[in-house]
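Student: Would you mind keeping the following structure in view while I ask a few things?
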Amino acid sequence: LHYLNLKAENVFRAVLMARHPKASKDTLVIEIGSNDGKQALWAAQQGYNVISFEPAPAGFKRCQALKEKAGTITGALEFRNVAISNTKGAVHFIDNGVVSRIVNASTSGAVKVRTTTLSEEVDSDIAFLKIDVEGHEMAVLQGMTELFERHTIEFILMEHNPTQIARHGYGTAAAVLALLHSKGYDLYDLRLFEFQGPSLKHVVSTEENRWRRPHHFLDLEAFFTPAQPASPWGAWTDIFAVRRPS
């Protein structure tokens, strides 16, 4: 496990600016979890071919409105109203304007949305894959088996919250990182000097704790999952996965 002190947004933009699409045939950028659509729009304005998935109907409408207001785009931008998972089907989803995520059918305000896999949606090399799915990461990766086998995905950036990963029940946070490592990626923890989420006694941005962070990705889950967290939401970091040269 390697460490960097960079915000995820800055990594996303710096990498795409460094490898300008004109210098490579691999210009596809995939975003799973559009949020407000601004990151996808920015990448398309740099000349990339961008596909961004947003399952929440309200969020999808916001993204479409953003695209319409943007005017001329150098690259290409497509928003798709579907949830990426490990199978075709349906889940219940909620978008409260702050956090969008999969929930139980009984959750107030939840809507039913369609699911599919990334392997079904994409059949080409990917320059950059950005994943922000509030704990559903393992299911997303499980649905990428054929994609990993047939194509190259150069960079993967994802939010990593062990508490939320456990809530979804598709495996542990350590298993998510182990899967990426087994696919040939070096893993970087981006939040060495900054911790996201409610304050936890042992996860505080102090000089001492910066050097106590795990040296192996398999130990990162325990570091972010204390016995008595300050909040049921948990604490999180951002993981940047860089494909090792073959």
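My numbering numbers the first residue of the sequence shown as 27 and each following residue consecutively. We put the CB at the ideal spot given by N, CA and C, even for glycine. On a predicted model such as this, the values are computed, not experimentally measured, just so you know.
In the DSSP assignment, what residue or residues form a beta bridge with Lys138?
Tutor: His118, per the DSSP bridge assignment.
Student: Residues bridged to Asp215 by DSSP?
Tutor: Paired residues: Tyr29 and Ile265.
Student: Taking the alpha carbon of Pro271 as the reference point, which residue from Phe243, Ser134, Gly210 and Val137 has its own alpha carbon closest?
Tutor: If we check each option's Cα against that of Pro271, Gly210 comes out closest.
Student: Could you tell me which residues DSSP pairs with Leu54 in its beta bridges?
Tutor: DSSP, once it has assigned bridges, lists Asn75 as partnering Leu54.
Student: Taking only three categories from DSSP, how would you classify Glu160?
Tutor: In this structure, Glu160 counts as coil in the three-state DSSP scheme.
Student: If you compare alpha carbons, which of Tyr214, His242 and His241 is closest to Ala34?
Tutor: Out of Tyr214, His242 and His241, Tyr214 has the C-alpha closest to the C-alpha of Ala34.
Student: Return the Cβ separation of Leu216 and Thr263 in integer angstroms, given the expectation that the two are a contact with Cβ distance under 8 Å.
Tutor: Sure, about 7 Å apart at Cβ, within 8 Å.
Student: Sort out for me which residues DSSP pairs Ile182 with in a bridge.
Tutor: Note: Ile182 sits in a beta bridge opposite Leu155 and Ala267.
Student: With distances taken between CB atoms, is the gap from Gly169 to Thr198 smaller than 8 Å?
Tutor: No, the pair does not count as a contact, with Cβ atoms beyond the cut-off.
Student: Could you give the DSSP three-state label for Arg127: helix, strand or coil?
Tutor: In the structure shown, Arg127 sits in a strand (DSSP, three-state: E or B).
Student: Apply the 10 Å Cβ neighbour rule to Val125 and answer buried if 16 or more other Cβ atoms are within range, or exposed otherwise.
Tutor: Looking at its Cβ environment, which holds fewer than 16 other Cβ atoms inside 10 Å, Val125 is exposed.
Student: Going straight from the alpha carbon of Val76 to that of Tyr29, what length do you get?
Tutor: When rounded, the distance between both Cα atoms is 28 Å.
Student: Consult DSSP for Ala109 and reduce its assignment to one of helix, strand or coil.
Tutor: Strand, per DSSP.
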